[in-house]
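K.L.:
In my numbering, the protein residues as written are 442 to 590.
1. Below 8 Å on the Cβ atoms is my contact criterion, and I expect residue 537 with residue 583 to pass it. Report the Cβ-Cβ distance as a whole number of Å.
2. Candidates 515, 529 and 517: which alpha carbon is nearest residue 581's?
3. Check each candidate in 515, 559, 508 and 565 and name the one with the smallest Cα separation from residue 541.
4. What does the Cβ neighbour count give for residue 476, buried or exposed, with the cut at 16 atoms within 10 Å?
5. Just curious, the beta strand (DSSP E) that residue 567 is in, first and last residue?
6. Starting from the Cα of residue 544, find the closest Cα among 513, 558, 517 and 525 and give me that residue.
7. If you follow the alpha helix (DSSP H) that residue 526 is part of, which residue opens it and which one closes it?
8. Can you check which of these residues, 512, 569 and 504, is closest to residue 590 by C-alpha distance?
9. Could you tell me which whole alpha helix (DSSP H) segments of length 4 or greater appear in the region 493 to 517?
10. In angstroms, rounded to a whole number, what distance separates the CA positions of residue 567 and residue 509?
11. Buried or exposed for residue 588, going by 16 or more other Cβ atoms inside 10 Å?
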């Protein structure tokens, strides 16, 4: 997944972190200049700005993912995670079982859950079957994934 445009960050990739930090700042500055709309990375209160409002379909999908037992692992500093959040919108994102991996002091239980799940990149989606999806997933991809037998 290294170099993949839909994976926001590699866990433990220190050389990548410096580059990603600069890229993230540039992306945020461009987003603010183009409309001031931020992104969100989940319901942990770590969003830099509000995401767009959710549609009923986005909220329904978030509820279905939650009911299916899917977990969404991410990082507040991950640009791809922020983009994933914008695909769902504000209220739908708050319904997802989001696990924040990059705040070990503020959210130690969530950070431990990330270590236990062996999360290596963000965003990562894990189905109760153990199947993983790494990187930004379209809402259609997630819908098809949970409908598979």
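C-beta: ideal position from N, C-alpha, C; glycine also.
P.N.:
This is what the structure gives:
1. In fact, because the Cβ distance is near 10 Å, the residues do not count as touching under 8 Å.
2. 529
3. 515
4. Here the model assigns residue 476 a pLDDT of 39, short of 50, so the residue's position is not dependable and the matter cannot be decided.
5. Here the beta strand (DSSP E) through residue 567 covers 565 to 567.
6. 517
7. Per DSSP, residue 526 belongs to the alpha helix (DSSP H) from 520 to 529.
8. 569
9. 497 to 509
10. 11 Å
11. exposed
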